[in-house]
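Visitor: The structure is given below, and queries will be raised subsequently.
There are 2 protein chains.
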Amino acid sequence: MNTQQLTQEVTQLHADLCAALADPNRILLLYALAEKPRTVNELTAEIGILQPAASRHLKVLREHGLARATRLGQHVEYSLVDPRLIDALDTLRAVLRDSLARRANLMNEME
Amino acid sequence: MNTQQLTQEVTQLHADLCAALADPNRILLLYALAEKPRTVNELTAEIGILQPAASRHLKVLREHGLARATRLGQHVEYSLVDPRLIDALDTLRAVLRDSLARRANLMNEME
DNA sequence: TCGAGATATAAGTTTATGCGAATAACTTTA
DNA sequence: TAAAGTTATTCGCATAAACTTATATCTCGA
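Chains A and B are the protein sequences, given in the same order.
Its first residue numbered 1, the first sequence is counted upward by one per residue in this note's numbering.
Its first residue numbered 1001, the second sequence is counted upward by one per residue in this note's numbering.
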C-alpha cells in the first residue's frame, strides 16, 4: 500500500468522522454528553426526539468511537469518549459565528 | 422566536458546516488551501480529481463561507477564509487517531 | 418465569449527495 | 471577433442516510 493510498484511506476516515457530526441531533447529543453521562431516556427527553431516533444516532456515535455505552441495570448510560471532540465543535462554531457576522456586515454595507 | 428555536437554528447551521467537511475531496482541498492560495487547475492536479468535481466541491466550500474565490485573469484563485478550520480538522484527526489506536489495542488484547 | 420498563433493530419511504459526461460561460490573446 | 484556455453548471444515475411506525431484545422485580 503506497503513501497516496494511505492518505486517501485516512482522509476518508476523517470525512466519515465529520459525517458523524453532520446532524443537529447528534451535535445536541454530544454537547449533552459533554456535561455528564446520561441514559438514553434522559437524552431522549432532553433533546426532544423519539426514542428510536436517539438510539440510532447514539449507535452512529458509538460506531465512530465518539460515545461509549455502559449498561446500568435496565438502563444504558452513554458517555463522551474524547472531550477534544467538543473543542473541535466549539472551534467550528466560532468559525460559523464569524462567517455569519461577515455576511451580516456585507448586507449592511449594501444598503 | 424563542430560545429553543434559536438553539435549533444554530445547531442546524453547525451541522451544515460539519456536512461541508464530510467529504474526502473537500478535506484535501481545505488542507491544500491552508498551505497557500491556488487556482482551480492547480487544486485539480494536486488532489487528482476531475475539474468539474473540483469546481463543485469548491462551490460547496464557498457557499459555507469556508473558501473565497478571486478572479486573476482567466484563472480563479481560491483561498482559505479562516485558518481555525484547519485547527478543528487537526483536532478531529487527533481524535480519530486515538480512536483507531484504542480499537487496535482491543484487537491485540483479544488474542 | 412472567410482566413492565428501557433500549435496539427492522421495514418502507423519502430526501440528499456524489460522480462522470457533456456543455456552457467567462477571460485573454491573436 | 474568433479561438483557446479556464472555470462553472446541468443531467441522469447510483448510493446512502434520515424519518416514522412497528416490533424485537434485554433487564429487573413480583
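We treat Cβ as the ideally placed atom computed from N, Cα and C, and that holds for glycine.
Note that the structure is predicted; figures quoted are calculated from it, not measured.
Between A:ALA32 and A:ARG38, is the Cβ-Cβ spacing less than 8 Å?
Guide: Taking 8 Å as the Cβ cut-off, A:ALA32 and A:ARG38 qualify as a contacting pair.
Visitor: Looking at chain A, is there any beta carbon in it that lies within less than 8 Å of the beta carbon of B:SER1099?
Guide: Yes, its Cβ sits closer than 8 Å to a Cβ of chain A.
Visitor: Looking at the C-beta of B:ALA996, does it have a partner C-beta in chain A at a distance below 8 Å?
Guide: Because chain B in this structure spans residues 1001 to 1111, residue 996 of chain B falls outside the shown range and cannot be described.
Visitor: Which residues in chain A sit within 9 Å of B:GLY1065, going by Cβ to Cβ distance?
Guide: VAL95, LEU96, ASP98, SER99, LEU100, ARG102, ARG103, listed in chain order.
Visitor: CB-CB under 6 Å to B:ILE1047, same chain, minus the five flanking residues each way: which ones, in chain order?
Guide: So the qualifying residues of the chain are LEU1028.
Visitor: What's the C-alpha gap between A:ARG93 and B:ALA1054?
Guide: Approximately 26 Å between the Cα atoms of the pair.
Visitor: Using a Cβ-Cβ distance cut-off of 8 Å, determine whether B:PRO1024 contacts chain A.
Guide: Yes, B:PRO1024 lies at the interface with chain A (some Cβ there is under 8 Å from its Cβ).
Visitor: For a contact defined as C-beta to C-beta under 8 Å, what are the partners of A:ILE27 on chain B?
Guide: Those within 8 Å of A:ILE27 in chain B are THR1011, HIS1014, ALA1015, CYS1018.
Visitor: Buried or exposed for A:LEU72, going by 16 or more other Cβ atoms inside 10 Å?
Guide: A:LEU72 comes out exposed.
Visitor: For B:ASP1082, which of A:GLN5, A:ASP98, A:LYS36, A:ALA67 has the nearest alpha-carbon?
Guide: Of A:GLN5, A:ASP98, A:LYS36, A:ALA67, the residue nearest in Cα terms is A:ASP98.
Visitor: To the nearest angstrom, how far is the alpha carbon of A:GLU63 from that of A:ASN41?
Guide: The alpha-carbon atoms of A:GLU63 and A:ASN41 are separated by roughly 20 Å.
Visitor: For the stretch 76-92 of chain A, enumerate the residues whose C-beta is nearer than 8 Å to any C-beta of chain B, in chain order.
Guide: The stretch 76-92 of chain A vs chain B, Cβ under 8 Å: VAL81, ASP82, ARG84, LEU85, ASP87, ALA88, LEU89, THR91, LEU92.
Visitor: Just checking: is the beta-carbon of B:GLN1058 within a distance shorter than 8 Å of some beta-carbon in chain A?
Guide: Per the sequence shown, residue 1058 of chain B should be read as Leu rather than Gln. Not one chain A Cβ lies under 8 Å of B:LEU1058.
Visitor: Just to confirm the assignment, what range does the alpha helix (DSSP H) spanning A:ALA34 have?
Guide: First-last of the alpha helix (DSSP H) with A:ALA34: 24-35.
Visitor: Contact criterion: CB-CB distance below 8 Å. Does A:LEU21 meet it with respect to chain B?
Guide: True, the Cβ-Cβ gap to chain B drops below 8 Å.
Visitor: Would you mind working out which of B:ILE1086, B:THR1003, B:LEU1030, B:MET1107 sits nearest B:VAL1060, comparing C-alpha positions?
Guide: Of the listed residues, the one whose Cα sits closest to B:VAL1060 is B:LEU1030.
Visitor: Name the chain A residues whose beta carbon is nearer than 8 Å to that of B:GLN1008?
Guide: Simply PRO24.
Visitor: Could you pull out every residue in the same chain whose Cβ sits closer than 6 Å to the Cβ of B:LEU1106, ignoring the five residues on either side in sequence?
Guide: Hits under 6 Å: none found.
Visitor: Evaluate A:ALA22 with the Cβ neighbour count: other Cβ atoms within 10 Å of its Cβ, from every protein chain shown; 16 or more gives buried, anything less gives exposed.
Guide: When all chains shown are included, A:ALA22 counts as buried.
Visitor: Between which two residues does the beta strand (DSSP E) carrying A:HIS76 extend?
Guide: His is not the amino acid found at residue 76 of chain A; the sequence shown has Val there. Start and end: 75-80.
Visitor: Please classify A:LEU17: does DSSP put it in a helix, a strand, or coil?
Guide: Helix, per DSSP.
Visitor: Note the first and the last residue of the continuous beta strand (DSSP E) segment covering B:LEU943.
Guide: Outside the displayed range of chain B (1001 to 1111) lies residue 943 of chain B, so it cannot be described from this structure.
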